[in-house]
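Student: FYI, my numbering numbers position 140 of the sequence shown as 140, with every residue one higher than the one before it.
Dumping the structure here so I can ask a few things about it.
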Amino acid sequence: MTLASYFEQNPALFITCITLLGALVGSFLNVVIHRLPIMMERQWRQQCIEINPPTLATEPNGETPYNLAQPGSSCPHCGHKIRPWENIPVISYLMLRGKCSGCGVHISLRYPIIETVTALLSGFAAWHFGFGWESAAAIVLTWVLISLTVIDLDHQLLPDSITLPFLWVGLALNLSGTVTDINSAVVGAIAGYLALWSVYWGFKLATGKEGMGYGDFKLLALLGAWMGWQMLPLVILLSSLVGAVIGIGLILLRGRDHNIPIPFGPYLAIAGLIALYWGETITAAYLSVSGL
């Protein structure tokens, strides 16, 4: 019996394995979320130096390697190197009681939260779709959206190094109709980009202000490439509703200045996940109620 057939006959085991895998990936996503914006900043700085070389001998001409693999994980306060048994998703945080074993400084709760959310959403995707390529696609898309959501919340940035490659991955997966047919995927990518691009320029021409960033266009294009153009109206509607509810909530509860920009990427990501799992059901219910 192959592993694939064993998972098909034992869905509970498949869901459990994917949940554990999700926790491990969540730990890696913490690294991506923290380091990728720093890597981008260093790259921009290096490009500036290449365009305008430093004139003083005391100015830096290079930096130590910094990427997703090196340097190894360490405490940002005392430099304590994190040992393998201190890097087990969620469990290590609980064993260490949320503190660095070197200096005792509190470790941010966001790390186990991201690991837990990634694990739960991965397990849910495995349960919802069952064993198969559609489940694998949903799991990968979930990981991508989690990383983009947190980076956008932190930096109001949706890195091209994530959105563009996974836009192409979505198109490649749909060559064989994994989630939707390839024609719908291609039209979805084009329409997704142009939809928000048109809103951006309409708002800018009307107000002289930029209402959103180009990363939002690319994220909606990514969602269109994965799920097809048919899901785009629902994604746009849901993201607007989620954004309105959360935005108003922040203003009322925290007194947030309405002029302070709120990233739109997380709302698109949440709407994309809702559409991925229940998009057809929601659309069918709407058409049934409206009599169309």
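We put the CB at the ideal spot given by N, CA and C, even for glycine.
Nothing here was measured: the structure is a model prediction, and the numbers come from that model.
If you reduce the DSSP assignment to three classes, tell me which class Lys209 lands in.
Tutor: By 1-based counting over the sequence shown, the position of residue 209 is 209. In the structure shown, Lys209 adopts coil according to DSSP, grouped into three states.
Student: Between Pro84, Leu153, Leu148, Ile82, which lies nearest to Ile246 when the distance is taken from Cα to Cα?
Tutor: Indexing the sequence shown from 1 puts residue 246 at position 246. Considering only alpha carbons, the answer is Leu153.
Student: Check each candidate in Thr180, Leu121, Pro263, Trp133 and name the one with the smallest Cα separation from Ala4.
Tutor: Taking the first residue of the sequence shown as 1, we reach residue 4 at position 4. The shortest C-alpha to C-alpha distance from Ala4 to any of Thr180, Leu121, Pro263, Trp133 is the one to Trp133.
Student: Quick one: grab the DSSP three-state call for His80.
Tutor: As a working note, residue 80 is residue 80 in the sequence shown. Note: His80 maps to coil in three-state DSSP.
Student: With a CB to CB cut of under 6 angstroms and the five nearest residues on each side skipped, what residues in its chain are close to Val150?
Tutor: Translated into the one-based positions of the sequence shown, residue 150 becomes position 150. Listed in chain order, the non-local C-beta contacts of Val150 below 6 angstroms within the same chain comprise Ile33, local neighbours out to five positions each way being set aside.
Student: How many angstroms separate the CA atom of Gly98 from the CA atom of Thr116?
Tutor: The residue you call residue 98 lines up with position 98 of the sequence shown. The residue you call residue 116 lines up with position 116 of the sequence shown. Rounded to whole angstroms, Gly98 to Thr116 spans 15 angstroms at the Cα level.
Student: Can you check whether the CB of Leu194 is closer than 7 angstroms to the CB of Ser239?
Tutor: Here residue 239 refers to the residue found at position 239 of the sequence shown. Here residue 194 refers to the residue found at position 194 of the sequence shown. Against a cut-off of 7 angstroms, the Cβ pair of Leu194 and Ser239 comes out as no contact.
Student: Suppose contacts are defined by Cβ-Cβ distances below 7 angstroms. Is Leu196 in contact with Phe166 by that definition?
Tutor: Along the sequence shown, one-based indexing puts residue 196 at 196. Along the sequence shown, one-based indexing puts residue 166 at 166. Against a cut-off of 7 angstroms, the Cβ pair of Phe166 and Leu196 comes out as no contact.
Student: Apart from the five residues on each side of it in sequence, which residues of its chain come closer than 7 angstroms, Cβ to Cβ, to Ala296?
Tutor: The structure shown does not extend to residue 296, since the chain is modelled only from 1 through 292, so no value can be given for it.
Student: Report, in whole angstroms, the separation of the C-beta atoms of Gly104 and His80, which I expect to be a contact under 8 angstroms.
Tutor: Stepping through the sequence shown from its first residue, residue 104 is reached at position 104. Stepping through the sequence shown from its first residue, residue 80 is reached at position 80. Their Cβ separation, rounded to whole angstroms, is 10 angstroms, which puts Gly104 and His80 out of contact at 8 angstroms.
Student: Find out if the Cβ-Cβ distance for the pair Ile18, Ser122 is shorter than 7 angstroms.
Tutor: For the purposes of this step, residue 18 is taken as residue 18 along the sequence shown, with counting starting at 1. For the purposes of this step, residue 122 is taken as residue 122 along the sequence shown, with counting starting at 1. Their beta carbons are under 7 angstroms apart, which means Ile18 touches Ser122 by this criterion.
Student: Check Gly272 in the structure and name its three-state DSSP category.
Tutor: In the sequence shown, the residue the question calls residue 272 occupies position 272. Helix, per DSSP.
Student: Taking the CB atoms as reference points, tell me whether Thr281 and Gly228 lie closer together than 7 angstroms.
Tutor: Along the sequence shown, one-based indexing puts residue 281 at 281. Along the sequence shown, one-based indexing puts residue 228 at 228. The answer is no: Cβ separation not under 7 angstroms.
Student: Which residue or residues does DSSP assign as beta-bridge partners of Lys99?
Tutor: Translated into the one-based positions of the sequence shown, residue 99 becomes position 99. Lys99 pairs with His106.
Student: Using the three-state DSSP reduction, which class does Tyr73 fall into: helix, strand or coil?
Tutor: Here residue 73 refers to the residue found at position 73 of the sequence shown. Before going on, a small fix: residue 73 reads as Ser here, not Tyr. Coil.
Student: The alpha helix (DSSP H) that contains Leu220, what's its start and end?
Tutor: Here residue 220 is taken as the residue at index 220 of the sequence shown, counted from 1. Where Leu220 is concerned, the enclosing alpha helix (DSSP H) stretches over 214-227.
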